Amino acid sequence: MSEAKRKVCIVTGTRAEWGLLSPVARLLSQRPDVELQIVATNMHLLERYGHTIDLIRAEGFSVSAEVPMEADSDSKPDTARATARCLEGMAGAFERLLPDIIVILGDRYEMLAVASAATIMRVPIVHLHGGEVSEGAIDDSIRHAITKLSSLHLTSADLHSRRVIQMGEDPGTVFNIGAIGVENALALEPLPKEDLEKLLGIPLDRRSLVVTFHPATASEGSAASQFGALLDALDSFPESSVVFTYPNNDADGAVVIDMIRSYTASRPGRTVARPSLGAVNYLSLLRYIGAAVGNSSSGIIEVPSMGIPTVNIGDRQKGRLASESVIDCPADAASIRQAIATALLPATRRKAAVTPNPYSRPGSAARAAELIATFPLSRLANKRFHLLIP
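Take the sequence shown: its position 154, counted from the start at 1, is 921 in my numbering, and no numbers get skipped.
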């Protein structure tokens, strides 16, 4: 009699997160000992963010469940209410799908709802990218909370593994696999530059920039004032074409989107905005431009492996392990202007091209898939606090 397949449920809420998880999903789907389930929620289901559930299906995957959680606005109270709706929807999805193990990545509020539902329903959780620090966002606290609700930890660096163990997790359940996003970026065959220029409608060269800016949910200063400072700084580089990607639907994200639309509408031919570029377009774009600008974790984790500098603005990623190719600056126009000018210098690019990325580790996706598919479930039940000091 053959052994039952392990039901592995991957839950995803954003385009960026799915771009990291999709290679793992592909490997799991090819295993004879795994029944893959995918649950899509939050931004994947929203038209204004590109309805990126279509991208999941376009890759040949079936979506096992959709969990809507659209908020009435992007205010903090409505975001909290949307999180409650997500928890309720996840309970229903897990009740129907009966997964053996649930896989989540990162630190977003919907993933806290996922982890809460799974914990109450006694389904073990695999958590990717725990142990990291981003002091300028509530994501920092959410990430650590998810760590304590999870049983198997796949981290992106030795430092992050040590932090997870410091939080009382069993060292035998903590594995540094590196960042899957870096492996994705290095393995991708980029689209031709001409195809991207046709798709975006603007020219691309080593002066071009990609901008991704999210509200810094735990920082002082409004998203509007910080992003306004960035837009002011960009006007000092009229020869640079600029590709904007939309922020996540965090509190005040709609304000940033409105500012992007207004800015690009008044500067046609040089600027363009896309709710979602998709992993292939985004990673290909990084091969042809001068720098990434904003405060996204991608600028810290994946971009350095593309050999270009990152201008990291403000406190959103404060405390995160970073390559020397990342240029940190305060969220004021003068500082941002200076940082972009530095990033576009030939000497800075030469340095970025040879600077090691601390998140790079070969075989990240394969290692993740193997652990998810084979780690004994019996070892993930009844967690105990691992005390470092006897």
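Where is the CB? At the ideal position from N, CA and C, for every residue including glycine.
No experiment lies behind these values; they were computed from the predicted model shown.
Item to complete: Measure the CB-CB distance between residue 1146 and residue 914 and report whether it falls below 8 Å.
Response: What you label residue 1146 is simply residue 379 of the sequence shown in a count that begins at 1. What you label residue 914 is simply residue 147 of the sequence shown in a count that begins at 1. Result no, Cβ atoms of residue 1146 and residue 914 do not sit closer than 8 Å.
Checklist entry - Tell me, which residues are paired with residue 920 by DSSP? => result Numbered from 1 along the sequence shown, position 153 holds the residue referred to as residue 920. Bridge partners of residue 920: 894, 941.
Q.
Quick check on residue 814: buried or exposed, where buried means 16 or more other Cβ atoms within 10 Å of its Cβ?
A. As a first step, residue 814 is located in the sequence shown; it is residue number 47 there, counting from the start. That one is exposed.
Quick one: residues in its chain with C-beta nearer than 7 Å to the C-beta of residue 1062, no 5 flanking neighbours on either side, listed in chain order? On the sequence shown, position 295 is the one that residue 1062 refers to. Setting aside the 5 residues that flank it on each side, residue 1062 is surrounded in the same chain by 980, 981, 983, 1079, 1080, 1081, 1083, 1084, each with a C-beta closer than 7 Å to its C-beta; the list follows chain order.
Check your understanding: Can at least three beta-carbon pairs, one atom from the segment 904-913 and one from the segment 1088-1097, be found at a separation below 8 Å?
Key -> no
Q. For residue 872, which three-state DSSP category applies?
A. Working through the sequence shown from its first residue, we reach residue 872 at position 105. Residue 872: strand per DSSP, three-state reduction.
- request: Please report the Cβ distance between residue 877 and residue 809, rounded to the nearest whole angstrom; I am assuming they are in contact, meaning their Cβ atoms lie under 8 Å.
  value: Numbered from its first residue, the sequence shown carries residue 877 at position 110. Numbered from its first residue, the sequence shown carries residue 809 at position 42. Taking C-beta atoms under 8 Å as the contact rule, residue 877 and residue 809 qualify, at a distance of about 5 Å.
Rounded to whole angstroms, what's the CA-CA distance from residue 803 to residue 955? Just pull it up for me. The residue you call residue 803 lines up with position 36 of the sequence shown. The residue you call residue 955 lines up with position 188 of the sequence shown. Their Cα atoms are separated by approximately 24 Å.
Under the rule that 16 or more other beta-carbon atoms within 10 Å means buried, what is residue 1052, buried or exposed? The residue you call residue 1052 lines up with position 285 of the sequence shown. Per the 10 Å Cβ criterion, buried.
- Query: Among the residues of its own chain, which have a CB less than 6 Å from the CB of residue 885, if the five just before and after it don't count?
  - Reply: Numbered from 1 along the sequence shown, position 118 holds the residue referred to as residue 885. Close CB contacts of residue 885 within its chain, under the 6 Å cut and outside five residues either way in sequence, are with 869, 892 (chain order).
*Are there 16 or more other CB atoms within 10 angstroms of the CB of residue 933, so buried, or fewer, so exposed?*
The sequence position of residue 933 within the sequence shown is 166, counting from 1. By the neighbour-count rule (16 or more Cβ atoms within 10 Å), residue 933 is not buried but exposed.
For this session: Please classify residue 802: does DSSP put it in a helix, a strand, or coil?
Result: If you number the sequence shown from 1, residue 802 lands on position 35. Three-state result, residue 802: strand.
> Taking C-alpha atoms, which residue in 866, 867, 875, 865 lies nearest to residue 853?
Replying inline: As a first step, residue 853 is located in the sequence shown; it is residue number 86 there, counting from the start. Checked all of 866, 867, 875, 865; the closest Cα to residue 853 is 875.
So what does residue 1095 bridge to, in DSSP terms? Start at 1 with the first residue of the sequence shown, and residue 1095 comes out as number 328. Paired residue(s): 1079.
*Cβ atoms of residue 950 and residue 1064: under 8 Å apart, would you say?*
Along the sequence shown, one-based indexing puts residue 1064 at 297. Along the sequence shown, one-based indexing puts residue 950 at 183. No, the pair does not count as a contact, with Cβ atoms beyond the cut-off.
Report task. Identify whether residue 773 lies in helix, strand or coil by the three-state DSSP scheme. Result -> Here residue 773 corresponds to residue number 6 of the sequence shown, with the count starting at 1. Of the three classes helix, strand and coil, the one that applies to residue 773 here is strand, per DSSP.
Q: Report the option in 1029, 830, 1008 whose CA atom is closest to the CA atom of residue 991.
A: To locate residue 991, count along the sequence shown from 1; it is residue 224. When each option's Cα is compared against that of residue 991, the closest is 1029.
Inset, instruction - Could you round the C-beta distance between residue 845 and residue 838 to whole angstroms and report it? I think they count as a contact, below 8 Å. - result: In the sequence shown, counting from the first residue as 1, residue 845 sits at position 78. In the sequence shown, counting from the first residue as 1, residue 838 sits at position 71. Correct: roughly 4 Å between the Cβ atoms.
Next on the checklist: Counting beta carbon pairs with one atom in the segment 910-927 and one in the segment 1093-1103, are three or more of them shorter than 8 Å?
Outcome noted: No, they do not touch.
Tell me the DSSP bridge mates of residue 1114? The sequence position of residue 1114 within the sequence shown is 347, counting from 1. According to DSSP, residue 1114 bridges with nothing at all.
What are the boundary residues of the alpha helix (DSSP H) that residue 948 is part of?
-> Along the sequence shown, read from residue 1 onward, the residue named residue 948 stands at position 181. Run containing residue 948: 947-954, per the alpha helix (DSSP H) assignment.
* **Span separating the alpha-carbon of residue 772 from that of residue 1136** => Within the sequence shown, residue 772 is the residue found at index 5, counting from 1. Within the sequence shown, residue 1136 is the residue found at index 369, counting from 1. In a straight line, the C-alpha of residue 772 is about 14 Å away from that of residue 1136.
Subject >> Own chain residues within Cβ distance below 6 Å of residue 1174, not counting five before or after >> reply: Nothing about residue 1174 can be read from this structure; the chain reaches only from 768 to 1157.
Contact between the segment 1117-1132 and the segment 1066-1079 (3+ Cβ pairs under 8 Å): yes
Can you say whether residue 943 is buried or exposed, counting buried as having 16 or more other CB atoms within 10 angstroms of its CB?
The count along the sequence shown starts at 1 and reaches residue 943 at position 176. Residue 943 comes out buried.
For residue 895 and residue 901, the rounded distance between their alpha carbons: Stepping through the sequence shown from its first residue, residue 901 is reached at position 134. Stepping through the sequence shown from its first residue, residue 895 is reached at position 128. About 15 Å.
message = Quick test of your reading: residue 860 and residue 806, contact by CB under 8 Å. State the CB separation rounded to the nearest angstrom.
response = The count along the sequence shown starts at 1 and reaches residue 860 at position 93. The count along the sequence shown starts at 1 and reaches residue 806 at position 39. So it is a contact: roughly 5 Å between Cβ atoms.
- Using the beta-carbon count (16 or more within 10 Å), is residue 1107 buried or exposed? As a working mapping, residue 1107 is identified with position 340 in the sequence shown. Buried: at least 16 other Cβ atoms inside 10 Å.
> CB residue 723 to CB residue 816, shorter than 8 Å?
Replying inline: In the structure as shown, the chain starts at 768 and stops at 1157, and residue 723 therefore has no counterpart that could be examined.
*Leaving out five residues before and five after residue 953 in sequence, what residues of the same chain have Cβ atoms less than 7 Å from its Cβ?*
Your numbering for residue 953 matches position 186 in the sequence shown. Answer for residue 953: 1072, listed in chain order.
In chain order, what residues of the same chain have a beta carbon less than 6 Å from the beta carbon of residue 1042, not counting five sequence neighbours either side? Here residue 1042 corresponds to residue number 275 of the sequence shown, with the count starting at 1. Correct list, in chain order: 816, 817, 1013.
Buried or exposed: which applies to residue 1152, given that a residue is buried once 16 or more other Cβ atoms fall within 10 Å of its Cβ?
-> Taking the first residue of the sequence shown as 1, we reach residue 1152 at position 385. So residue 1152 counts as exposed.
> What's the C-alpha gap between residue 1127 and residue 1040?
Replying inline: As a first step, residue 1127 must be located in the sequence shown, where it is residue number 360. As a first step, residue 1040 must be located in the sequence shown, where it is residue number 273. Using only the alpha carbons, I get a separation of about 29 Å.
*Own chain, CB closer than 6 Å to residue 768, minus 5 neighbours either side, in chain order*: Locating residue 768 in the sequence shown gives position 1, counting from the first residue. Confidence at residue 768 is low in this model, with a pLDDT of 38, below 50, so the placement of that residue is unreliable and no value is reported for it.
Can you tell me whether residue 1109 is helix, strand or coil according to DSSP?
As a position in the sequence shown, residue 1109 is number 342, starting the count at 1. Under the three-state reduction of DSSP, residue 1109 is assigned to helix.
Residue 959 burial status per 10 Å Cβ neighbour count (16 or more: buried): Counting from one through the sequence shown, the residue named residue 959 turns up at place 192. Exposed, by the Cβ-count rule.
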